[in-house]
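Notes follow the structure.
Residue numbers (mature numbering (1 follows the signal peptide of the UniProt record, and there is no 0)): -26 to -1, 1 to 424.
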């Protein structure tokens, strides 16, 4: 059966509570016929008021270019494109992170394109929300409401999570109202899924369903460990593989959105790949986890810190990393100017270097998936008279579309492309197939995105 990734939501399959480790007495408050029964009810009574429903409405505007052969019949004043407007409604979840200021975190895909956002509180109140900022690459959005007597969730250190830790998901699946389910942390540092540009997911055995997106994944103390985001869903049904954005990533992004209204992406200045068994063997290493540095950009934060091509980065601030994609996600969400320690292996020796991250140039990099869904996974950069694809994530929609590192985008359909701005403008609201004109090596070709 073909596996399909669906950006929906998250909940978690039931587990035997009798197998749970010892937790606080507050979580085991009741007896039945004289026997003590484990229960998550006390924790949930404190936590669930911090999880809200997010209802959105808006209008999708799509534009289609009218072929010249048809415009000819309507004379010289005929419109060049046809505009269609379609109203839409959606429902997701969100988490209150600051009760005094009314800040709520949800997924970007929950509120994307919405003209109106309404928050349904646990006590039945409905309040309009204001959008503070979004980060499409990590799928995070920050909202704000004006309301009294709010309950904010406490946040845990998601870097301290271990596979096998119990987890509880809270959200609003299928518009049924608030629903709670439980499970475990199935894996950490999941990436290369092609769901988002920046991937460092917590994987759970979550029974994720539509409407849970943006909801809370918490530990047994009721502390936020992740924002539920996506599932693997063959045929649209749950198979117990869900993904959440780690709380530490969310915290770093929200801090930037509050301070600047946008995410100021941190940049290390290296290109690389996952450390494979072949590379590890060639370098005489015992480990097979880490990010292999192919190249260090001159003058970058990595260059100033003394990082070199051939180094293998194995930890960030003392926390081990498994893949280059995990490194990329952690660095990019820490924000420009952030200071961190990188553990690396060079010539078989372990070293620690201190790095102050640079800032991504808004003219040189962009979230390709925002421009077109089938560009997701590609890194785009302005060059003379075009847009160069400087990297393509393995298994991403961009890779599946046939795009390759080094391709130069010079046109969309019959329109010439000069830079990222013009590429985004031409692909905006395009429906159906679109043809990219590419220069690959010494050849010109067209690649169709569907």
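A virtual CB, placed ideally from N, CA and C, is assigned to each residue, including glycine. The structure displayed is predicted, hence computed values, not measured ones.
Practice task
Report the rounded CA-to-CA distance for residue 373 versus residue 367, giving the unit in angstroms.
Solution key: C-alpha separation (whole angstroms): 7 Å.
Practice task
Report the partner residues of residue 244 according to the DSSP bridge assignment.
Solution key: Answer is 270.
Problem - Residues near residue 91 by beta carbon distance below 6 Å, same chain, minus five either side - result: Correct list, in chain order: 30, 85, 103.
Practice task
Consider the C-beta atom of residue 145 and the heavy atoms of the ligand NAD; say whether any pair is separated by less than 8 Å.
Solution key: Among the components of this structure there are no ligands whatsoever, and the ligand NAD is therefore not found.
Handout entry: Three-state secondary structure assigned by DSSP to residue 186
Key = The answer is coil: DSSP assigns residue 186 none of H, G, I, E or B.
Handout entry: Which of helix, strand or coil DSSP assigns to residue 140
Key = In the three-state DSSP reduction, residue 140 falls in the strand class (E or B).
Exercise for the section: Let me know if residue -5 comes out buried or exposed under the rule of 16 or more other beta-carbons within 10 Å of its beta-carbon. Expected result: Any reading at residue -5 must be qualified, since the residue scores a pLDDT of 43, below 50, and its modelled position is unreliable; no value is offered.
Practice task
Output yes or no for whether 9 Å exceeds the beta carbon distance between residue 114 and residue 69.
Solution key: Going by C-beta atoms, residue 114 is not nearer than 9 Å to residue 69.
Exercise for the section: Report yes if the CB atom of residue 101 is closer than 9 Å to the CB atom of residue 144, and no otherwise. Expected result: No; because the gap between Cβ atoms is not below 9 Å, this pair is not in contact.
Handout entry: Nearest-angstrom beta carbon gap, residue 176 and residue 159 [assumed within contact, 8 Å]
Key = Right, their Cβ atoms sit about 6 Å apart.
Handout entry: Paired residues, beta bridge with residue 399 - DSSP
Key = None; residue 399 has no bridge partner.
Practice task
Compare the Cα-Cα distances from residue 318 to each of 156, 286, 345, 222 and report the closest residue.
Solution key: Considering only 156, 286, 345, 222, the residue with the shortest C-alpha distance to residue 318 is 286.
Exercise for the section: Look up residue 417 in the DSSP assignment and say whether it is helix, strand or coil. Expected result: When DSSP states are grouped into helix, strand and coil, residue 417 belongs to the strand group.
Handout entry: Collapsed DSSP secondary structure at residue 19 in the structure displayed
Key = In the structure shown, residue 19 sits in a helix (DSSP, three-state: H, G or I).
Handout entry: Alpha-carbon spacing of residue 357 relative to residue 251, whole angstroms
Key = Those two C-alpha atoms are separated by around 35 Å.
Problem - Start-to-end residues for the alpha helix (DSSP H) that takes in residue 446 - result: Residue 446 lies beyond the stretch modelled for the chain, which goes from -26 to 424, so this question has no answer here.
Problem - Run of the beta strand (DSSP E) containing residue 105, from where it starts to where it stops - result: Its beta strand (DSSP E) spans residues 104 to 109.
Handout entry: Residue interval of the alpha helix (DSSP H) (run including residue 233)
Key = Its alpha helix (DSSP H) spans residues 221 to 234.
Exercise for the section: Just the C-alpha distance for residue 60 and residue 261, rounded to the nearest angstrom, thanks. Expected result: Rounded to whole angstroms, residue 60 to residue 261 spans 53 Å at the Cα level.
Exercise for the section: Could you tell me whether the region 406 to 415 touches the region 382 to 395, using the rule of 3 or more Cβ pairs below 8 Å? Expected result: Counting Cβ pairs under 8 Å, three or more are found: they touch.
Handout entry: As assigned by DSSP and simplified to three states, the class of residue 84
Key = Residue state for residue 84 is assigned as helix, using DSSP reduced to three classes.
Exercise for the section: Would you mind reading off the limits of the alpha helix (DSSP H) that contains residue 278? Expected result: Secondary structure note for residue 278: its alpha helix (DSSP H) is the uninterrupted segment 275 to 279.
Problem - CB of residue 267 within 9 Å of CB of residue 245, strictly - result: Residue 245 sits close to residue 267, with the two beta carbons spaced by under 9 Å.
Handout entry: Helix, strand or coil at residue 407 according to DSSP, with G and I counted as helix
Key = Three-state result, residue 407: coil.
Problem - Burial state of residue -2 (16 or more Cβ within 10 Å) - result: Because the pLDDT of residue -2 is 43, which lies under 50, any placement of that residue in the model is unreliable, and the number read from its coordinates should be weighed accordingly. Exposed is the call here.
Practice task
Please list, in chain order, all residues of the same chain as residue 128 whose beta carbon is under 6 Å from its beta carbon, the five residues on each side excluded.
Solution key: Taken in chain order, the residues that qualify are 197.
Practice task
Grab me the residues of residue 18's own chain with a C-beta within less than 8 Å of its C-beta, minus the 5 sequence neighbours each way, in chain order.
Solution key: So the qualifying residues of the chain are 142, 144, 154, 196.
Practice task
Assign residue 389 to one of three DSSP states: helix, strand, or coil.
Solution key: In this structure, residue 389 counts as strand in the three-state DSSP scheme.
Exercise for the section: Kindly identify the DSSP beta-bridge partner or partners of residue 191. Expected result: Answer is 143, 200.
Handout entry: Assigned exposure category for residue 395 - 16 Cβ within 10 Å defines buried
Key = Burial call: exposed.
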